[in-house]
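Asks:
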RNA sequence: GGGGGUGUAGCUCAGUUGGUUAGAGCGCUGGCCUGUCACGCCAGAGGCCGCGGGUUCGAGUCCCGUCACUCCCGCCA
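Residue numbers (our numbering): 14 to 625.
1. Tell whether a beta-carbon distance below 8 Å holds between residue 479 and residue 470.
2. I need the straight-line Cα distance from residue 612 to residue 233, nearest angstrom please.
3. Go ahead and pull the three-state DSSP assignment for residue 271.
4. Please go through the same chain and pick out, in chain order, the residues whose beta-carbon is closer than 6 Å to the beta-carbon of residue 41, but skip the five residues on each side of it.
5. Return the chain-ordered ranges of every beta strand (DSSP E) run that is complete within the region 336 to 411 and spans a minimum of 3 residues.
6. Quick one: using the 10 Å Cβ neighbour count with 16 as the cut-off for buried, is residue 200 buried or exposed?
7. For a test of the three-state rule: what should DSSP assign to residue 616, helix, strand or coil?
8. Keeping to the same chain, check which residues put their C-beta closer than 6 Å to that of residue 176; ignore five residues upstream and five downstream.
9. Which same chain residues, not among the five before or five after residue 365, have their C-beta less than 7 Å away from its C-beta?
10. Using a threshold of 8 Å, state whether the C-beta atoms of residue 128 and residue 110 are closer than that.
11. Taking only the alpha-carbon atoms, compute the straight-line gap between residue 136 and residue 69 and give it to the nearest angstrom.
12. Give the straight-line distance between the Cα atoms of residue 614 and residue 214, rounded to the nearest whole angstrom.
13. Helix, strand or coil: which one does DSSP assign to residue 218?
14. Tell me whether the region 441 to 458 and the region 324 to 331 touch, counting them as touching only if at least three CB pairs, one residue from each stretch, are closer than 8 Å.
15. Assuming residue 92 and residue 138 make a contact with CB atoms under 8 Å, what is their CB distance in whole Å?
16. Output yes or no for whether 8 Å exceeds the beta carbon distance between residue 255 and residue 230.
17. Which residue comes first and which comes last in the beta strand (DSSP E) that contains residue 427?
18. When the Cα atoms are used, what is the spatial distance from residue 144 to residue 65?
19. Is DSSP giving residue 27 helix, strand or coil here?
20. Take residue 504 as the anchor and find which of 514, 538, 463, 528 has the nearest alpha-carbon.
21. If you run the structure through DSSP and keep just helix, strand and coil, what is residue 491?
22. Would you mind stating whether residue 428 and residue 372 have Cβ atoms separated by less than 8 Å?
23. Among residues of its own chain, excluding the 5 on either side of residue 538, which ones have a beta-carbon nearer than 8 Å to its beta-carbon?
24. What's the gap between the Cα of residue 357 and the Cα of residue 318?
25. Taking DSSP's pairing of strands, which residues face residue 55 in a bridge?
26. With distances taken between CB atoms, is the gap from residue 438 to residue 516 smaller than 8 Å?
27. Can you tell me whether DSSP reads residue 622 as helix, strand or coil?
28. Buried or exposed, going by whether 16 or more other CB atoms sit within 10 Å of the CB of residue 221?
29. Taking the alpha-carbon of residue 206 as reference, which of 575, 549, 419, 518 has the nearest alpha-carbon?
30. Would the beta-carbon of residue 498 fall within 8 Å of that of residue 491?
31. Using beta-carbon positions only, say whether residue 49 and residue 113 come within less than 8 Å of one another.
32. Please state whether the Cβ-Cβ distance between residue 287 and residue 185 is less than 8 Å.
33. For residue 253, name the three-state secondary structure that DSSP assigns.
34. Put residue 197 into one of helix, strand or coil per three-state DSSP.
35. Checking the sheet assignment: what are the DSSP bridge partners for residue 83?
36. Given a cut-off of 8 Å, decide if residue 508 and residue 281 are closer than it, judged by their beta-carbon atoms.
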């Protein structure tokens, strides 16, 4: 086998070949750039053996690098023949040879370099590949575990490779758009203090402070507000965020990235005006799907009523209605009784769902979701059918029919429960109907702002008043509202950006007044010492001249996932963790030496330990 | 923590009502092939059917348990 360091000594007598001595060690061209105009030139290319076609006395090798694919060819008359023949896929080689124009009938139109091929004169094996655990040259995905364990192989494949490049380009575009708007990029600490609000923290033991811990930031929330208080006006950062919560298809465990931004002297509309062109611009730049420039605004209350969710998929042309009044005091006694004790009824239109089979399926689905069931009326031949219609009577059934704009052949479904539960199950039913009846327009991105979130909510179990989002938002109406209104009626300057049923972003106009901060915590049942102890930086900064400010933080991974049209967020992350927050490629998390633990003043508790 | 789905060759998957020696494609090994481009043809190796237990004359298939992966609920200011 030829070693790469012998190349310098290799200098064929033949005059034509003389140039090889002065060539770059690995390449004169990449695998995506050779064309007719390079005909007859001597070139050197390096890359991976993508695929071989062995005809016995003639072998074709598709050589692949980051830039493309070039067909190389060798036959028995060439000295390199036996080496080429023995190559396994994904071995890395350097090929020196002549560019030859292909005959008309052998041109490959599917390849950018398909007009030419490289006639192999010399091949140097840089790195041999063993039998592969997954096939790089296949469109077929390997299993998730194999892909993650051998992520570097998976990432050589076309689609994963392109997804990661897309991510990089999107981030660059976002960065340019933010800077063009006058935002400044800052970095904030990764080792910081644990903060009581929000998700579970990742903790880092402090070696110099026995018993104390740093936390990784769940978001640079307090820092970005403090940046405003430092007199910088427009901050942004492609910020890593760390939250120790369980994974979902659109939620990578452990860490994710946000386009974190904050602005001073702004109201809600100013934040929207800053963010909309960035988001719309990026989606337009990288996707062929249609989007509206103007993002719809929907109040939280309206969204919960019409869509049963605070992240509605507006591509589904179904709107839920409240029909409590129609069922109140009706002959359909289960609902009527529940309404007397405070339940409500939501109706979900089911276009083309007017069959017993569909209705039964929806009902058992609802039961599997923990609901008692899903009532239904089937409309057919100007008649309302089913047990609900029978008890309710034709008049009230027809009232529902017209209220929901239904036709014969359609159905209406009903969830009856507490407002929260009824909305929730209706919202899930809406999505299920949308998917099953194929009502979702896959060619559009539908954006909306969900606004006017409640400042507080009741804890279902304890009845205690809690922050519904975060304690840093400014309540609408300010201190006066806090002092005069029922806390549960107070709304916050708090908003989410939603696209196609996915929450892209959450933000708020922040409170910047110490008296509001203390009062807000007081309503939630905490004394001023809680504020002083847990948020010393913020509350102190508020006391030395804090500008009114607000911001938002769109999720980068989700933006890329939507644009790449991938159903899973792992597809747009270089080295993602699995569902149990393990990196099976790197073996993280891992055990550490006792010495390391002693230095950190940490001792393992073994009673709950598994698979040690 | 709870619920659903999946687990069969290196990879992707098929496997009928429980019934002989568990199959296919790709990959791998060997042979043939000078114009292929997912090359083609021939032959071969490769299996703890996730693991443990049970039912049965007989289990990849049925039952119980368990583990892994995945989707969902909880959780995610």
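Yeah, the Cβ is synthetic: ideal placement off N, Cα and C, and Gly gets one too.
Replies: Let me spell this out:
1. The answer is yes: Cβ separation under 8 Å.
2. Cα to Cα, the separation comes out at about 29 Å.
3. Reduced to three states, the DSSP call for residue 271 is strand.
4. For residue 41, same chain residues with a beta-carbon under 6 Å away, outside a window of 5 residues either side, are 56, 57 in chain order.
5. Fully enclosed beta strand (DSSP E) runs of 3 or longer: 357 to 363, 388 to 393, 396 to 398.
6. Exposed, by the Cβ-count rule.
7. In this structure, residue 616 counts as coil in the three-state DSSP scheme.
8. Correct list, in chain order: 577, 584, 585.
9. Same-chain partners within the cutoff: 422, 423, 450.
10. No, the pair does not count as a contact, with Cβ atoms beyond the cut-off.
11. When rounded, the distance between both Cα atoms is 18 Å.
12. Between the C-alpha atoms of residue 614 and residue 214 there is a straight-line separation of about 19 Å.
13. Here residue 218 sits in strand by DSSP.
14. Contact between the region 441 to 458 and the region 324 to 331 is present, with at least three C-beta pairs closer than 8 Å.
15. Residue 92 to residue 138, Cβ: 14 Å. No contact.
16. Yes, the pair counts as a contact, with Cβ atoms nearer than the cut-off.
17. It spans 424 to 430 - the beta strand (DSSP E) in which residue 427 sits, taken as one unbroken run.
18. Rounded to whole angstroms, the separation of the alpha carbons of residue 65 and residue 144 is 15 Å.
19. Any answer about residue 27 is weak, because its pLDDT of 39 lies below 50 and its placement is not dependable; what the coordinates show is given next. It is coil, neither helix nor strand.
20. Checked all of 514, 538, 463, 528; the closest Cα to residue 504 is 463.
21. Residue 491: helix per DSSP, three-state reduction.
22. At least 8 Å separates the beta-carbon of residue 428 from that of residue 372.
23. Excluding positions up to five away in sequence, the list reads 477, 478.
24. When the Cα atoms are used, residue 357 and residue 318 turn out to be separated by approximately 11 Å.
25. Beta-bridge pairing links residue 55 to 111.
26. Judged by their CB atoms, residue 438 and residue 516 are not nearer to each other than the 8 Å cut-off.
27. With a pLDDT of 42 at residue 622, under the threshold of 50, the modelled position of that residue is not reliable, and the figure given next carries that caveat. In the three-state reduction of the DSSP assignment, residue 622 falls in the coil class.
28. Classification of residue 221: exposed, given that the 10 Å Cβ count is below 16.
29. That would be 549, whose Cα lies nearest to the Cα of residue 206.
30. Contact annotation: residue 498 and residue 491 have beta-carbon atoms that are not nearer than 8 Å.
31. Taking 8 Å as the cut-off, the beta carbon of residue 49 is found no closer than this to the beta carbon of residue 113.
32. No, the Cβ-Cβ distance between residue 287 and residue 185 is not below 8 Å.
33. Three-state DSSP puts residue 253 in a strand.
34. Three-state DSSP puts residue 197 in a strand.
35. Paired residue(s): 76.
36. Yes. Within cutoff.
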